[in-house]
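Down below is the structure, laid out as structure tokens.
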Amino acid sequence: MAAGRFSRIIKDLINPKPPKPPYSHVVQIGDPALRAKALTVEPKELGSEHIQQVIKTLVKTMRRYKCSGLAAPQIGVPVRIIAVEITKNHVRAHAPAVVKAREMRVTPLRVFVNPELTVEDFTTIQSPEGCASLRALTGIVERYRSVTVSGVSPDGERTEWRADGWAARAVQHEMDHLAGLMYVDRCDPRTLEHQHWALINARAGRFLQHFDGFRNRQWGLFL
Ligand code: ZN
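The opening position of the sequence shown corresponds to residue 2 in our numbering, with each subsequent residue numbered one higher.
Quick look at the structure:
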């Protein structure tokens with residue numbers, strides 16, 4: 002047994018109290034935080050320990066789950082904060098043709114507090130996307146090609162960013178989370194797919210899905 006897993010079991014035995022939000026795990030569909038309308042962060046709250054902790058945990062959890070975007074409701078806190086980051090590993094995990102079709106490009110970390118969205122290019126792209134709060138499923142969602150997101154940075158500076166392609170998709174997905182929407186509200190349900198359906202057949206159903214981080218190679222596909 003790995004040392005990390007062993008110490009976690011011991012820790013759980015000593016301290017069985019459930020954690021409180023912001024969680025370091027991603028909540029799953031059914032959690033009321035995902036269906037709430039996220040609250041605006043008041044300027045005087047931005048520097049508070051709580052909000053700064055939410056931001057820190059959001060980025061850490063997004064990276065731990067290999068997501069290219071995450072919204073605060075997904076760590077159990079329905080406030081208007083989103084993060085987007087597309088890393089080299091996210092891009093490399095997909096075939097060049099897929100990267101091209103999805104317009105996936107390395108995008109440094111961006112965190113927006115109280116983001117607002119403006120559509121720049123009404124051309125739409127249909128592409129599969131997944132949500133870390135709906136584990137292992139993907140569905141085809143139509144999204145605008147280019148958007149501008151404006152808001153406040155974690156330091157309280159006004160900030161604006163034009164996002165294209167996959168980054169624009171990530172922004173639209175995270176903005177939906179702030180409105181209590183999930184991608185399954187927008188996609189054709191007939192396009193829903195379990196990422197491991199073939200493996201489940203190959204293993205005669207013996208397949209364990211865990212909810213702590215990500216181990217598969219679908220990096221960046223989940224938001
Ligand atoms: Zn999501």
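Cβ coordinates follow ideal geometry from the N, Cα and C atoms, glycine included.
Three-state class that DSSP yields for residue i in the structure shown
i	result
residue 154	coil
residue 184	helix
residue 127	strand
residue 117	strand
residue 30	coil
residue 139	strand
residue 149	strand
residue 177	helix
residue 223	strand
residue 112	strand
Limits of the unbroken beta strand (DSSP E) element including residue i
i	result
residue 162	159-165
residue 71	70-72
residue 86	82-87
Sub-8 angstroms separation of residue i and residue j beta-carbons
i	j	result
residue 60	residue 28	no
residue 114	residue 152	yes
residue 1	residue 134	Limits of the chain in this structure are 2 at one end and 224 at the other, which puts residue 1 out of reach.
residue 198	residue 67	no
residue 126	residue 106	no
residue 116	residue 81	yes
residue 172	residue 209	no
C-alpha gap between residue i and residue j, whole angstroms
i	j	result
residue 158	residue 47	11 angstroms
residue 167	residue 140	15 angstroms
residue 194	residue 137	8 angstroms
residue 91	residue 170	14 angstroms
Nearest candidate by alpha-carbon position, reference residue i, set the options
i	options	result
residue 163	57, 155, 108, 82	108
residue 37	63, 62, 75	75
residue 174	104, 79, 125, 130	130
residue 179	63, 71, 190	71
residue 21	211, 55, 100	55
residue 181	25, 39, 17	39
Residue interval of the alpha helix (DSSP H) (run including residue i)
i	result
residue 106	No alpha helix (DSSP H) contains residue 106, which DSSP labels as neither H nor E.
residue 200	198-203
residue 209	Segment: none, residue 209 is in no alpha helix (DSSP H) and carries neither H nor E.
residue 60	50-65
The ligand GTP heavy atom lying under 7 angstroms from the CB of residue i
i	result
residue 132	For the structure depicted, the ligand GTP is absent and the ligand set comprises only the ligand ZN.
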